[in-house]
Amino acid sequence: GMNQFKPIFLGDVEPQHLRVVNSQKCIRVSGKHNDLEEVGLDGFHHTFFEMLGNWSFGDYYKGEAIKWAWQLFTDVWGLDKDRLWATVYSDDTEAFKLWTDVTDIKSGRVLKFGAKENFWEMGRTGPCGPCSEIHYFVGDDPASQNPEGVNNSDQYWELWNLVFIQYNRDNKGTLKELPKKHIDTGAGLERIVTVLQNKNSNYDNDLFSPLITKIEEVTGRTFGNDPIPHQVIADHLRMLTISIADGVMPSNEGRGYVLRRILRRASRFGRILDYHEPFIYQLVDVMADIMGDVYTEINEKKTHIKKVIKAEESAFNETLDRGLIHFEKIIGSLKGKSIPGNDAFRLYDTYGFPLDLTQLMARERGLSVDVKGFDNEMNIQKKRAKSSGKFKDTDREIQWQIISKENDSEFIGYDNYTSSSRIRRWARSGENVMLVLNTTPFYGESGGQVGDTGTIADKNIDLIVTDVIKLGDRIVHICEGSFDENNVSGKVECRVAGKRREKIKRNHTATHMMQAALKQVLGDHVHQAGSLVHPDYLRFDLTHFEKITEDDLKRIETIVNREIIANTLLEVSQEPYEKARKKGAEALFGEKYGDIVRVLRIGDFSIELCGGTHVDRTGDIGFFKIIEESSLAAGVRRLVAITGMESVDHIQRQDKIIHSIQAQLRTAMGDLTTRVEQLLERNRQLEKSLKSSERSSRTDLSELIKRGTNKGGFKVVVELVEVSSMDELKSLADQLRDKLRSGVGVLGTNSIEEKPAAVVVVTEDLVKRGLSSAEFAKEFGKSKLMKGGGGGKSHLATYGGKAGLVFENSISITQEKINWYLENLDDEKK
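Counting from 152, one number per residue, gives the positions in the sequence shown under my numbering.
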């Protein structure tokens, strides 16, 4: 938007450039300009769109803006002048006259409208002004045009809005002339493309059509038969791709929840197309083909984007069906025409259905949802969560005792661990005392760094600082100890716990260095998803979709420790935000930064915006060691690392353990891994042998033979047995062959790789008479009940079947075939 330019409009800041053009990525899922429920129902509502514009900061004004807009539409893009209309604010006689003075627009095509249509405002107060819109008639018959259709008929499309920012509205509603006049224009790329390509809907232009085609290909449902689901999915995929490429991750709060809402809404529209598997992620490649050359971050992070979307789809699919079943139960027991708020909340809380998804499904049934009831349930849950927190995120409800209304909370602790400060305000919170000072060396918890501890004292006060937090811009010291409420006007002596702060500084600088190393090793898709800088360790959450390998962890450690050894001097500077970003300073997505920011540079290795405390040189960190890698959520990994003496202690503890194992195994250090592998393999073999022995003892071969049939004086045994390997099955069959004396045996199982397998044995006397285990195995393996193959030797052979089949289904036919061969043993013709 243009809120960031408000100081320029008001004359508080001089612009660096007087003329600017832009192509802006916009995401809009609510508000007066966008109803999410309309997305996909018509051809123009979108959750993501691109806004083209040009700006003048006190330079050119209405005449040039109108003239150049007309030239672009008619001379450059070649739009039909007979289809163009212009609108102006009813009181803006200047703009009305300019349209006919500087363009050749047809007579009667400049129309006046009221403030609702043609007066632009940022809000109830602030910069504002009249605007002029350009409309285009898209109907089939140009002769049917009339002024009444503009702003009333869907055959007249608004293509461009020229905003003339000339006033500032104060708190009383009075319009005051700005010191300079400005221009802000906006034209939606999607609609412009639709007109230029002579289409009837944005979803028909080439920004969307390849996505629609891919959805048809994946789901097998044609766009013409189901246009709305195709349109919703295509639109939502664009929004998801752009957001994730910019570093947003699905979550249950803030912008992350907006992403999750949109993705789940798209998934549900997949069900309308009768498609039940995750598929939205497959559209990312097409999106990259359409927009990746302009927004290169899509190509760079394509794999990451696909993995994020697929994981979210898969997770939601597990509960979507159960949620839909519960929704049907609610509908079945409904007495009126509105779904109760508590039921809608349960769909959200238990099954992950955003409220707008429930509303969508309700509307499809001609029903509504009790939104107030839902909000009430949500507020109850929020209050429960809030009551469990340490402090509220605002200090409005704290009963402050104000000593002085002068400035407070100036942090002077980058270079100082002590200070003489004055108390500006204080409050009681249970047994704790909360203090706000004019200046303080104590760092308030923020940016992932924990708050300092230490002491605050004077002749009437003796306090231990247990934590320091930030409430807005205010630094609040949480203390326990002796506090004389009647004597708090004098100075207090502040002292930060220095050794603890030094540990925090080491871990904070190491966090920045690890992030730089992570990008080197894993790729630029890595973004910080949370961090904790503690005196004993650092914790870093990052966007990455698979377990970080041991080799990669070692590479990250090596890169960081190499930089520590280099003993690089850290450079800290205060710079304008834009200047710092142009230098490549890493900024956390979603964090708020002022005009002047603190920039931390570690040589050519890392440059970031950071307000935390840091070491002077990288060598002060000592040593860096990653001690934990784990999964935190879908697409988010967590690393825990240590520095300084904590890392030395960790290595020494590990070394002690290794030496103990080495002594017990009586082996050299270099042979330790091999020796352990030998022991583990020996243990596996012993366990295998033990299990085999136990099963063999449970498998009574005499009982199997007893259950077998007699045919022509020969014994036939075909049985299902439980074994853990093919070797065990062969061994058992070999034992059966010895006990049979004269006959044929087949032992089968389903427990090896979840496929049917069997061993055939034929006693020696029958082998001499022409029977062969190998021939039996080939025939049985190729049978319809096995669909596999087999082979082996004449006395013992194996065969197997296809996954999903079971051996026991073939027992009776196997027995019949063996019997047939035995009956015809002496019939050479047969």
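Glycine included, each C-beta is placed from N, C-alpha and C at the ideal position.
Its Cα nearest to that of E737, the residue I758 stands out among G864, I758, S352 and A220.
Under the three-pair Cβ rule at 8 Å, the region 191 to 202 does not count as touching the region 238 to 249. Taking C-alpha positions only, R473 is separated from Q433 by approximately 25 Å. Under the three-state reduction of DSSP output, G773 falls in the coil class, being neither helix nor strand. Assignment of alpha helix (DSSP H) within the region 648 to 708, counting only whole runs of 4 or more residues, yields 649 to 673 in chain order. With a threshold of 16 other beta carbon atoms within 10 Å, V301 meets it and is buried. Here T825 is exposed, its C-beta having fewer than 16 other C-beta atoms within 10 Å. Restricting attention to K332, E644 and H659, the CA atom closest to the CA of F160 is found in K332. Between the region 371 to 389 and the region 479 to 487 there are fewer than three inter-stretch CB-CB distances shorter than 8 Å, so the stretches are not counted as touching.
Per DSSP, the continuous alpha helix (DSSP H) segment holding H381 begins and ends at P378 to A396.
No residue range can be given for Q600, since it is assigned to no alpha helix (DSSP H) and is classified by DSSP as neither H nor E. The criterion of a C-beta distance shorter than 8 Å is not satisfied by Y426 and Q382. Excluding the 5 residues flanking it on each side, N173 has same chain C-beta neighbours closer than 8 Å at M202, L203, G204, N205 and W206, in chain order.
A direct Cα-to-Cα measurement between F593 and Y568 gives close to 8 Å. P293 carries a helical assignment under DSSP once its states are collapsed to helix, strand and coil. For the set L249, A909 and L936, the Cα lying nearest the Cα of S924 is the one of A909. DSSP places E284 in the strand class (E or B) of the three-state scheme. The Cβ neighbour count for W250, taken over all protein chains shown within 10 Å, is at least 16; the residue is labelled buried.
The three-state secondary structure of G899, taken from DSSP, is strand.
Contact between F208 and L235 does not hold, since their C-beta atoms are separated by about 28 Å, which reaches or exceeds 8 Å. When secondary structure is reduced to three states using DSSP, G943 falls in the strand class. Under the 8 Å Cβ criterion, the region 805 to 821 does not count as touching the region 701 to 719, having fewer than three qualifying pairs. Residue environment: Q317 is assigned as buried (16 or more neighbouring CB atoms within 10 Å of its CB, all protein chains considered). Spatial neighbours of A578 in its own chain (CB-CB distance under 7 Å, excluding positions within 5 residues in sequence) are listed in chain order as I549, Q550, W551, Q552 and M585.
DSSP places I316 within a strand segment (E or B) once states are collapsed to three. The residues I379, in chain order, have a CB closer than 7 Å to that of L192 in the same chain once the five nearest residues on each side in sequence are set aside. Residue E299 holds the alpha-carbon nearest to the alpha-carbon of K263 among E299, G337 and I802. Per DSSP, the continuous beta strand (DSSP E) segment holding T238 begins and ends at L235 to Y240. Looking from the CA of N312, the closest CA among F270, G277, D291 and S304 belongs to F270.
Secondary-structure assignment with DSSP links V643 through a beta bridge to S572.
Judged by DSSP in its simplified three-state form, F359 adopts coil rather than helix or strand. Around the beta carbon of R920, a 10 Å sphere encloses fewer than 16 other beta carbons of the protein chains shown; the residue is thus reported as exposed. Y408 is classed as exposed because its beta carbon has fewer than 16 other beta carbons within 10 Å across all chains shown.
Listed as beta-bridge partners of A909 by DSSP are G899 and Y950. Between the C-alpha atoms of R652 and C630 there is a straight-line separation of about 17 Å. When only Cα atoms are considered, L936 and I962 end up about 10 Å apart.
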